[in-house]
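Worksheet: one structure, shown below.
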Amino acid sequence: MNLESKWLEDFSALAATRSFSQAAERRFVTQPAFSRRIRSLEAALGLTLVNRSRTPIELTAAGQLFLVTARTVVEQLGEVLRHLHHLEGGQGEVIQVAAAHSLALGFFPRWIAQLRNEGMNIATRLVATNVGDAVHALREGGCDLMLAFYDPDSAMQMDPEIFPSLHLGQTEMLPVCAADAQGGPLFDLEGEASVPLLAYSAGAFLGRSVNQLLRQRALRFTTVYETAMADSLKSMALEGLGIAWVPHLSVRNELARGELVICGGAQWHVPLEIRLYRCALVRKANVRLLWRKLEGGVASSVG
1 MNLESKWLED
11 FSALAATRSF
21 SQAAERRFVT
31 QPAFSRRIRS
41 LEAALGLTLV
51 NRSRTPIELT
61 AAGQLFLVTA
71 RTVVEQLGEV
81 LRHLHHLEGG
91 QGEVIQVAAA
101 HSLALGFFPR
111 WIAQLRNEGM
121 NIATRLVATN
131 VGDAVHALRE
141 GGCDLMLAFY
151 DPDSAMQMDP
161 EIFPSLHLGQ
171 TEMLPVCAAD
181 AQGGPLFDLE
191 GEASVPLLAY
201 SAGAFLGRSV
211 NQLLRQRALR
221 FTTVYETAMA
231 DSLKSMALEG
241 LGIAWVPHLS
251 VRNELARGEL
261 VICGGAQWHV
271 PLEIRLYRCA
281 LVRKANVRLL
291 WRKLEGGVAS
301 SVG
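Per full-length UniProt numbering, residue 1 is the first one in the sequence shown, and the count goes up by one each step.
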């Protein structure tokens, strides 16, 4: 197999832009020349990497997996050159983490602090995003690690051989609402009246488990607000507008101060497992070192 490094950079540019013309402009070549280089890469690999029938273009399943390798090779070459020219500057040491919004705020800072307290002086770059975008970034090499809640029903449709994961901690979603004048819950889940619900919007990752619970418990409710973000639901609950199911790690402080109260017993709680994911195709030394430490029991936390 005869591969040229410039083809890998071409392919990375195409994946980033999803456009042959834009990628060619970024790589300072004409579009016909750029297209020939991508076809040469596919011929060398014996694989179809790009679905050209879609606009914008899409990567095939093989293309998504190869992109991880392409980006890793390009990055490693860059690190070697920076080192040889004494221009390293530490960029190669940064671990890029994509995390669900609630974990980025409620879990990540404590977890990183714990890692550093245990001797893992790693530099990280965090991107808070929704779960779908985080999965996409991990699949295509846009991040080194992904921090997310585990979904046992779908497992996020990722092959565990290629995308292994580690258990980092356990938390739960709690039904919370503002307190009344006596410090009790403003709304009652066990009452006969319909309650105002602050809900996750359709397709939201956390919403699936909540909706399943509501169906099982046959709760009478009226939806008064919808969003995909747990922290937005928390803000609305603080204003006394209804009941929201929010991860415990996101409302720790508000519960301690009495600004929010739990308005249902254990039967209304939804368990959540926190997991860290990586791509086995990525060979970054600092990622592998961190993974080995975590497998050895370093910095497993409870949210």
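Cβ coordinates follow ideal geometry from the N, Cα and C atoms, glycine included.
Where residue 152 falls: helix, strand or coil (DSSP): coil
Residue interval of the beta strand (DSSP E) (run including residue 274): 270-278
Unbroken beta strand (DSSP E) run spanning residue 196, endpoints: 195-200
Cβ-based burial, residue 87 [other Cβ within 10 Å; buried from 16]: In this predicted model, residue 87 has a pLDDT of only 42, less than 50, meaning its place in the structure is not dependable; the value taken from the coordinates is given anyway. Label assigned to residue 87: exposed.
Three-way DSSP call (helix, strand, coil) for residue 23 in this model: helix
Where the alpha helix (DSSP H) through residue 251 begins and ends: 248-257
Nonlocal neighbours in the same chain, by C-beta distance under 7 Å from residue 7, ignoring five residues either side: 37, 40, 41
Under the three-state DSSP convention, the category residue 96 falls into: strand
Spatial distance of residue 221 from residue 113 (CA atoms): 40 Å
Helix, strand or coil at residue 130 according to DSSP, with G and I counted as helix: Residue state, collapsed to three classes: coil.
Nearest-angstrom Cα separation, counted from residue 63 out to residue 271: 36 Å
Per-residue DSSP class, three states only, for residue 295: Note: residue 295 maps to helix in three-state DSSP.
Nearest candidate by alpha-carbon position, reference residue 249, set 56, 20, 105: Considering only 56, 20, 105, the residue with the shortest C-alpha distance to residue 249 is 105.
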